[in-house]
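Chemist: For the record, the sequence lines run as chains A and B. For reference, each letter of the first sequence is one residue, going 1 to 110 in our numbering. For reference, each letter of the second sequence is one residue, going 111 to 651 in our numbering.
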Amino acid sequence: MARQMRDSGNVKASRGGTSAYRLAVLSRIGAAAFSGYAFAAALSILLSRVLPMPKAEAVLTATMLSFAVYAGAILWAFAVRTATLAWVGLAVPAAACAVVSWLLGAGAVL
Amino acid sequence: MKQAFRQSMAWLHTWCGLVVGWVLFFMFLTGTAGYFDTEIDRWMQPERPLSAREAPAAEAVSLALRRLQQQAPQAERWFVGLPWDRNELDLRVFWRELPDAAGKRGRSRSEQLDLATGEPLVRRDTGGGQLLYRMHYVLHYMPTLVAYWIVGICTMFMLAAIVTGVIIHKKIFRDFFTFRSAKGQRSWLDAHNILSVTALPFHLMITYSGLIFFMYLYMAPVISATYGAGEENRRVFFDELFERSDLPDRAGSAAPMAVLAPMLADAERRWGRGEVRFVDIRNPGDANARVIVGRPQDSPLRASGQLVFDGVSGALLKAGDAVLSVPKAVRDVLLGLHEGLFAGPVLRWLYFLSGLAGTAMIGAGLVLWTAKRRSRREAAGCAAQAGLAVVDRLNVGTIAGLPIGIAAYFLANRLIPVAVDGRAAWEAHAMFIVWSTALLWAAMRPLGRAWIELLAVAAAVYGLIPAVNAIMTDRHLAVTLPYAARSGDWVLAGFDLAMIGFAMVFAVAAWRLRRRMLASAVLSPHASRGLAAERTAEAAE
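#1: Under 8 Å Cβ-Cβ, which residues of chain A neighbour Pro331/B?
#2: Alpha helix (DSSP H) containing Gln113/B: first to last residue?
#3: Report the residues of the segment 52-63 of chain A with a CB closer than 9 Å to any CB of chain B, ordered along the chain.
#4: Suppose contacts are defined by Cβ-Cβ distances below 7 Å. Is Ile575/B in contact with Met614/B by that definition?
#5: So Leu305/B packs on Ala481/B, CB below 8 Å; how close in whole Å?
#6: Does the Cβ-Cβ distance between Val389/B and Val203/B come in under 7 Å?
#7: Identify every run of the alpha helix (DSSP H) within the segment 501-584 of chain B, keeping only runs that are complete inside it and at least 4 residues long; order them along the chain.
#8: Which residues in chain B have a C-beta closer than 8 Å to the C-beta of Phe78/A? List them in chain order.
#9: How long is the line joining the alpha carbons of Leu417/B and Arg290/B, rounded to whole angstroms?
#10: Would you be able to state if there are at least three C-beta pairs under 8 Å between the segment 557-566 of chain B and the segment 266-274 of chain B?
#11: Pull up the distance between the alpha-carbon of Ala399/B and that of Ser172/B, whole angstroms please.
#12: Using a Cβ cut-off of 9 Å, pull out every chain C residue sitting near Leu269/B, in sequence order please.
#13: Determine the direct distance from the alpha carbon of Gly141/B to that of Leu463/B, and round the result to whole angstroms.
#14: Check whether chain A comes within 7 Å of Glu350/B, counting only Cβ atoms and requiring the distance to be less than that.
#15: Please name the residue in Ala577/B, Trp600/B, Ala569/B, Leu504/B whose C-alpha comes closest to that of Phe616/B.
#16: So, for Leu104/A: in the same chain, excluding its five sequence neighbours on each side, which residues have a beta-carbon less than 8 Å away from its beta-carbon?
#17: Quick check on Gly36/A: buried or exposed, where buried means 16 or more other Cβ atoms within 10 Å of its Cβ?
#18: Closer than 9 Å by beta-carbon distance: list the chain B residues that pair up with Ser48/A, in chain order.
#19: From Ala553/B to Ala518/B, what distance separates their C-alpha atoms?
#20: Does any C-beta atom of chain A lie closer than 7 Å to the C-beta of Met137/B?
#21: Along the beta strand (DSSP E) that carries Gly191/B, what are the first and last residues, could you check?
#22: Which one or two residues does DSSP pair with Leu426/B in a beta bridge?
#23: Where do the ends of the beta strand (DSSP E) carrying Glu221/B lie?
#24: Considering only residues of the same chain and omitting the five flanking positions on each side of Glu207/B, which have a CB-CB separation below 8 Å?
#25: Against chain A, with Cβ distances strictly below 7 Å, would Leu321/B count as a contact?
#26: Here's the rule: buried if 16 or more other CB atoms are within 10 angstroms of the residue's CB, otherwise exposed. What is Thr18/A?
#27: Per DSSP, Trp205/B forms a beta bridge with which residues?
#28: Is DSSP giving Arg176/B helix, strand or coil here?
#29: What is the DSSP secondary structure of Glu198/B, counted as helix, strand or coil?
#30: Please decide whether Ala649/B counts as near chain A, where near means a Cβ-Cβ distance under 7 Å.
#31: Helix, strand or coil: how does DSSP classify Val477/B here?
#32: Could you tell me which chain A residues have their CB closer than 9 Å to the CB of Pro372/B, listed as they occur along the chain?
#33: Quick one: what's got a C-beta closer than 6 Å to Asp396/B's C-beta in the same chain, skipping five residues either side?
#34: Is the closest heavy atom of the ligand NAD to the C-beta of Arg441/B under 6 Å?
#35: Quick one: what does DSSP say Pro93/A is sitting in, helix, strand or coil?
#36: Along chain A, which residues have their Cβ under 7 Å away from the Cβ of Lys280/B?
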């Protein structure tokens with residue numbers, strides 16, 4: 001995939017870009033947008049639980065950081081070898097963060 | 111591996127910039143104009159007196175209170191904004207009526223008052239600089255919420271483009287001093303690099319802080335995970351964060367208001383004369399009335415000092431600190447830097463120039479994409495693709511067309527008769543009608559010609575602005591220049607002079623482009639051969 005993406009700079013490859021390649025790019029865009037968002041939001045939720053500061057300020061801090069996390073996740077989704085890895089590599093940590101946050105905040109509304 | 115990484119980042123950079131480039135161009139250009147929002151307001155309301163009237167705070171506040179008492183004796187909130195510098199030109203009152211029996215929020219209204227009479231100001235109905243400024247985040251012709259999401263998604267693209275741009279950019283310092291002019295694609299790359307690198311801290315700050323403004327919307331799950339979903343729970347979060355719960359609810363029993371003058375005097379004693387920005391009265395006329403006196407912003411810290419008084423006894427309850435906690439300070443600094451309300455004239459110009467650099471960076475990036483595509487296609491000997499043609503046309507129609515649209519907005523302000531109903535809306539319609547026409551024009555003309563023609567039109571319309579202004583009003587250069595020399599207030603003269611400056615920049619661009627096109631036509635009758643020659647020269651280098 002990385003090689004294919006490199007080739008997309010090449011006129012021939014982009015014109016003759018196979019549908020498999022296009023699908024892979026689309027899938028990566030999806031991974032970056034949705035898995036990336038889920039990961040950024042879930043990590044921020046976890047952060048807002050564990051940061052040692054008053055509740056409202058922890059939420060504020062985590063929310064402010066979330067966009068940096070999101071940007072990092074987007075870059076990562078396009079840097080890894082396959083689109084599947086991009087989906088899984090973001091969705092699994094997102095789920096893990098969500099579970100831990102849920103355990104930490106058992107009393108809170110989720 | 112490292113090579114592959116950089117290449118995938120280059121791919122991401124290209125597409126992030128391309129897909130939303132034109133929206134970003136619009137946001138950057140209108141937002142940049144917004145750094146001079148109140149200056150534009152002044153120009154767009156030629157009925158204003160040349161110089162702003164000044165009045166002591168206590169006098170202005172009592173005028174405002176008279177109006178508020180008359181208009182909304184039963185209110186939940188009265189707000190008086192004092193004219194204190196470029197950010198607030200007028201005495202402004204705002205009120206919110208009491209909630210109705212069903213608990214629905216009361217109506218609110220805002221008015222600008224004449225400092226001499228305390229009556230609402232009568233001026234031409236215009237969107238002014240405020241509308242241009244607001245367009246950079248509420249866009250136009252769509253519900254606010256939709257616009258916020260579009261703007262947020264585009265900003266996220268911008269953030270990804272900036273970070274990937276830094277990654278793929280190996281030689282930041284060398285490129286800083288590298289500009290190879292008149293070398294086609296190479297020059298566009300150099301221009302894009304220089305514009306990006308010189309103002310990189312600004313681009314990064316403006317993009318990230320832009321997301322912070324609406325973070326509660328974009329990252330709503332983070333708040334609802336802790337506070338629960340829904341408007342009610344959000345309010346709990348905001349009350350907790352901004353300690354708004356300090357302000358008591360309405361008691362329901364009437365009590366006479368304390369006199370405000372001693373409170374203003376107390377504030378001025380602490381902060382200095384003329385250093386009161388607003389007076390915010392909660393529950394006026396109630397036993398639980400509170401009076402908040404605020405100080406102007408002289409640093410990026412938005413939450414500058416506040417005094418809270420008991421509105422009945424007049425006793426000082428709280429002298430708020432500017433900084434309450436680190437996270438809030440970080441947020442305030444980011445938002446404060448974005449808005450730049452604290453900036454004096456020099457810093458304001460720097461903001462404006464940085465914004466223009468950002469706009470030009472996006473424009474150069476968009477053109478670079480087409481230059482690269484074209485030369486690659488020609489090298490491979492294949493015909494241009496539809497995608498390239500679309501990008502080309504959108505580039506001309508937006509990069510040259512949007513400035514024409516903004517000029518039309520200013521011209522419409524002078525040409526639409528003052529008595530016309532809904533004239534403010536028509537000023538904005540003029541902007542978008544003219545911009546769409548430019549896009550259509552760009553789609554129909556040969557590419558090179560479209561650039562030259564639209565740049566020439568831009569030069570003409572910007573040149574027309576001071577002329578039309580002179581015909582339609584008495585706030586033209588013959589009046590405003592002597593006034594500026596006399597008073598040192600260059601805002602009105604500066605506006606017309608800036609328009610002449612823009613006209614000259616567009617004229618030079620059109621003229622140089624035309625000369626280059628003629629030169630390549632002389633060298634070879636076929637434009638493609640001319641381009642090929644240029645590319646050979648580049649390769650030989």
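C-beta atoms are modelled at their ideal positions from N, C-alpha and C, and glycine is treated no differently.
Modeler: For this structure:
#1: The sequence position of residue 331/B within the second sequence is 221, counting from 1. Chain A residues near Pro331/B: Ala41, Ile45.
#2: Sequence index remark: in the second sequence, residue 113/B carries index 3 (1-based). Looking at the DSSP string, the run of the alpha helix (DSSP H) that includes Gln113/B is 112-144.
#3: Met53, Pro54, Lys55, Ala56, Glu57, Ala58, Val59, Leu60, Thr61, Ala62, Thr63
#4: By 1-based counting over the second sequence, the position of residue 575/B is 465. By 1-based counting over the second sequence, the position of residue 614/B is 504. Contact: no.
#5: Sequence index remark: in the second sequence, residue 305/B carries index 195 (1-based). Sequence index remark: in the second sequence, residue 481/B carries index 371 (1-based). About 16 Å; that fails the 8 Å criterion.
#6: On the second sequence, position 279 is the one that residue 389/B refers to. On the second sequence, position 93 is the one that residue 203/B refers to. No; because the gap between Cβ atoms is not below 7 Å, this pair is not in contact.
#7: 511-525, 533-554, 557-582
#8: In the first sequence, the residue the question calls residue 78/A occupies position 78. Simply Ser118, Met119, Trp121, Leu122.
#9: For the purposes of this step, residue 417/B is taken as the residue at position 307 of the second sequence. For the purposes of this step, residue 290/B is taken as the residue at position 180 of the second sequence. Roughly 57 Å separates the two Cα atoms.
#10: no
#11: Working through the second sequence from its first residue, we reach residue 399/B at position 289. Working through the second sequence from its first residue, we reach residue 172/B at position 62. Each residue's Cα considered, the two are about 17 Å apart.
#12: Considering every chain present, this structure includes no chain C. Its protein chains are A and B.
#13: As a position in the second sequence, residue 463/B is number 353, starting the count at 1. As a position in the second sequence, residue 141/B is number 31, starting the count at 1. Whole-angstrom Cα-Cα distance: 12 Å.
#14: One-based indexing of the second sequence puts residue 350/B at position 240. Yes, Glu350/B counts as interfacial toward chain A.
#15: To locate residue 616/B, count along the second sequence from 1; it is residue 506. Comparing Cα-Cα distances from Phe616/B to each of Ala577/B, Trp600/B, Ala569/B, Leu504/B, the minimum goes to Ala569/B.
#16: Residue 104/A sits at position 104 when you count from the first residue of the first sequence. Around Leu104/A: Leu46, Arg49, Val50.
#17: Indexing the first sequence from 1 puts residue 36/A at position 36. With 16 or more other Cβ atoms within 10 Å, it is buried.
#18: In the first sequence, the residue the question calls residue 48/A occupies position 48. Result: Val332, Ile333, Ala335, Thr336.
#19: By one-based count along the second sequence, residue 553/B stands at place 443. By one-based count along the second sequence, residue 518/B stands at place 408. Cα to Cα, the separation comes out at about 20 Å.
#20: As a first step, residue 137/B is located in the second sequence; it is residue number 27 there, counting from the start. No - not a single Cβ of chain A is within 7 Å of the one on Met137/B.
#21: Translated into the one-based positions of the second sequence, residue 191/B becomes position 81. First-last of the beta strand (DSSP E) with Gly191/B: 185-191.
#22: The residue given as residue 426/B occupies position 316 in the second sequence. According to DSSP, which records beta bridges pairwise, Leu426/B is partnered with Phe419/B.
#23: As a first step, residue 221/B is located in the second sequence; it is residue number 111 there, counting from the start. Glu221/B -> beta strand (DSSP E) spans 218-223.
#24: Locating residue 207/B in the second sequence gives position 97, counting from the first residue. Ala182, Gln184, Ala185, Glu186, Gly216, Arg217, Ser218, listed in sequence order.
#25: As a position in the second sequence, residue 321/B is number 211, starting the count at 1. With 7 Å as the cut-off, Leu321/B counts as an interface residue toward chain A.
#26: For the purposes of this step, residue 18/A is taken as residue 18 along the first sequence, with counting starting at 1. With fewer than 16 Cβ atoms within 10 Å of its Cβ, Thr18/A is classed as exposed.
#27: As a position in the second sequence, residue 205/B is number 95, starting the count at 1. For Trp205/B, which the question treats as bridged, DSSP gives the partners Trp188/B, Arg219/B.
#28: Residue numbering aside, residue 176/B sits at position 66 when the second sequence is read from its first letter. Correct three-state label for Arg176/B: helix.
#29: Taking the second sequence and counting its residues from 1, the one referred to as residue 198/B is at position 88. It is a strand residue.
#30: Along the second sequence, one-based indexing puts residue 649/B at 539. Reliability of the predicted coordinates at Ala649/B is poor, the pLDDT of 42 falling under 50, and the value obtained from them is presented with this limitation in mind. Not closer than 7 Å to any Cβ of chain A, the Cβ of Ala649/B fails to qualify, so no.
#31: Your numbering for residue 477/B matches position 367 in the second sequence. Residue state, collapsed to three classes: helix.
#32: Translated into the one-based positions of the second sequence, residue 372/B becomes position 262. None at all; the shortest Cβ gap to chain A is about 34 Å.
#33: By one-based count along the second sequence, residue 396/B stands at place 286. Same-chain partners within the cutoff: Arg360, Ala361.
#34: The ligand content of the structure shown is nil, which means the ligand NAD is not present either.
#35: Along the first sequence, read from residue 1 onward, the residue named residue 93/A stands at position 93. Reduced to three states, the DSSP call for Pro93/A is helix.
#36: One-based indexing of the second sequence puts residue 280/B at position 170. In chain order: nothing, as chain A lies at least about 17 Å away.
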